[in-house]
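In the numbering used here, the protein residues as written are 110 to 569.
What follows is the structure in structure tokens.
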């Protein structure tokens with residue numbers, strides 16, 4: 110009864126915050142430090158120049174479709190409205206913002222507990238300081254972020270191993286934690302960016318939902334998809350090794366962008382998550398011999414006279430230390446992944462951003478202890494296809510994972526999902542989602558599941 114009451118109080122508080130923060134604001138900041146830009150302007154210099162402030166460099170006056178969970182895909186969440194409301198915008202270089210996401214899942218049939226509800230609430234509060242504006246430190250910025258999650262086991266009720274609802278993951282599902290604390294430094298006029306501290310690797314690695322920016326906003330692929338399943342934010346072949354939402358970790362990330370179309374990113378993180386230590390809940394690193402390293406390279410382009418934007422990235426990773434699973438142990442694990450997106454059709458070329466894009470994902474590892482060993486995903490997204498609804502998007506996707514049967518799982522699990530992301534007012538979005546899982550991985554005896562999710566996202 111107390112837990113139910115606390116959820117109701119939290120949901121009510123979240124809705125009050127939502128009502129308070131509904132106003133038109135600049136576009137949300139993008140995901141990584143080094144994002145390839147398929148520059149299509151006749152003047153490449155028209156693209157934005159490097160800035161010590163991510164929020165300043167990547168903001169825009171145009172609201173666009175967003176990721177289903179900006180807390181897993183966007184390095185700085187929200188719009189900075191909270192800082193303006195409390196007067197902190199008067200301090201040079203200081204930005205305070207965040208987001209609130211609330212969703213409700215109903216499992217119609219199948220799974221483990223059919224005809225049941227699950228409710229989730231995520232609150233992120235972010236402080237970002239442009240050290241150049243505040244203290245005269247060229248190219249430097251400081252960031253701190255708080256995460257509050259109140260969730261329920263929607264995925265477990267459906268018997269879904271990889272997660273049809275990416276808002277919740279490993280237990281505990283009720284947590285308050287320091288989500289981010291890092292220093293970011295720009296070097297060599299923006300060609301090198303280094304970030305040190307507690308961070309979320311999915312901002313920089315395997316981020317298929319990350320927008321592909323261009324000098325001309327009408328050519329961009331915005332948030333590539335609004336799908337909510339976990340595989341959009343973390344390739345299932347990385348679950349159990351790579352830190353990410355919401356288990357951030359301490360480490361160092363280095364981005365190299367020698368040209369506007371190419372980037373290379375390398376990182377080294379505390380790898381204690383592979384020992385089932387909840388690194389997100391820790392204020393300090395573990396560094397006990399379990400380390401996670403990862404590198405990724407990406408390239409962006411523009412095709413045909415219609416300037417169809419696309420990008421492709423590939424990466425490799427390694428986890429060190431002794432790793433344990435059911436009746437098995439191994440020393441370390443390695444894996445590879447790739448992903449890409451492509452604008453397929455533009456409805457009003459040169460006028461607006463409406464059209465259709467597609468994406469794909471792939472991953473493989475040699476682990477005997479992780480949940481999944483191979484993964485393939487694909488999907489399509491339509492932007493602004495409904496008249497007079499330029500910020501709405503609609504999409505569908507497939508996430509197909511080959512599971513580790515040592516855990517008693519089914520051999521594979523497929524998630525088919527479709528959604529409609531509806532812009533409400535200001536910086537708020539309502540998103541109904543339908544998920545069909547014909548073969549939930551929890552057990553070969555688990556029946557196919559059908560679930561509906563309604564999600565409200567407010568950026569402030």
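Note that the Cβ used here is the ideal one computed from N, Cα and C, for glycine as well.
Under a Cβ-count criterion, where at least 16 other Cβ atoms within 10 Å of its own Cβ denotes burial, should residue i be classed as buried or exposed?
i	result
residue 446	buried
residue 297	exposed
residue 259	buried
residue 561	exposed
residue 250	buried
residue 275	buried
residue 454	exposed
residue 170	Unreliable positioning characterises residue 170 in this predicted model, as indicated by a pLDDT of 47, which lies under 50. A coordinate reading is not provided.
residue 238	buried
residue 393	exposed
residue 189	buried
residue 280	exposed
residue 492	buried
residue 244	exposed
residue 195	exposed
residue 136	Note that residue 136 scores 34 on pLDDT, short of 50, meaning its location in the model is unreliable; the coordinates nonetheless yield the value given after this. It counts as buried.
residue 463	buried
residue 413	exposed
What did DSSP end up calling residue i once you bin it into helix, strand or coil?
i	result
residue 229	strand
residue 386	coil
residue 180	helix
residue 298	helix
residue 540	strand
residue 551	coil
residue 320	coil
residue 239	strand
residue 190	helix
residue 563	strand
residue 198	helix
residue 266	helix
residue 391	coil
residue 523	strand
residue 341	helix
residue 378	strand
residue 514	helix
residue 372	strand
residue 569	coil
residue 100	Missing from the structure shown is residue 100; the chain here goes from 110 to 569 and no further.
Comparing C-alpha positions only, which one of the options sits nearest to residue i?
i	options	result
residue 444	436, 425, 408	425
residue 476	567, 395, 513	513
residue 383	390, 400, 308, 370	400
residue 361	319, 197, 195, 291	291
residue 551	363, 264, 275, 254	264
residue 538	410, 185, 208	208
residue 546	204, 217, 200	217
residue 214	483, 543, 402, 303	543
residue 450	418, 437, 464	418
residue 534	503, 541, 522, 567	567
residue 540	563, 518, 549	563
residue 184	219, 212, 410, 255	255
residue 212	202, 177, 194, 203	177
residue 479	458, 203, 427	427
residue 467	487, 457, 481, 461	487
residue 201	241, 228, 180	241
residue 411	471, 331, 321, 357	321
residue 142	172, 305, 472	305
residue 288	359, 481, 464	359
residue 368	333, 409, 491, 396	409
residue 204	219, 187, 210	187
residue 448	469, 346, 266, 521	469
residue 307	357, 346, 330, 471	357
residue 363	343, 313, 345	313
residue 311	442, 440, 181	181
residue 472	309, 252, 344	344
Just confirm the distance between the C-beta atoms of residue i and residue j, as a whole number of angstroms; I'd bet it's less than 8 Å.
i	j	result
residue 365	residue 301	6 Å
residue 420	residue 434	No, residue 420 and residue 434 are not in contact; Cβ-Cβ is about 35 Å, not under 8 Å.
residue 85	residue 348	There is simply no residue 85 to check, as the chain begins at 110 and stops at 569 in what is shown.
residue 206	residue 192	6 Å
residue 262	residue 230	Incorrect: roughly 14 Å between the Cβ atoms, too far for contact.
residue 482	residue 511	6 Å
With a threshold of 8 Å between beta carbons, is residue i in contact with chain B?
i	result
residue 521	Checking the listed chains, one finds no chain B in this structure; it contains a single protein chain.
Is the region 525-544 touching the region 337-357 in the sense that three or more CB pairs, one from each, lie closer than 8 Å?
yes
On the three-pair Cβ rule with 8 Å, is the region 269-281 touching the region 294-309?
no
Please determine if the region 490-505 and the region 362-372 are in contact, where contact requires at least 3 C-beta pairs separated by less than 8 Å.
no
Using 8 Å as the Cβ pair cut-off and three pairs as the minimum, do the region 340-356 and the region 378-397 touch?
yes
Does the structure place the region 553-568 close enough to the region 219-226 that three or more beta carbon pairs sit under 8 Å?
yes
Between the region 383-392 and the region 279-287, do three or more beta carbon pairs fall short of 8 Å?
yes
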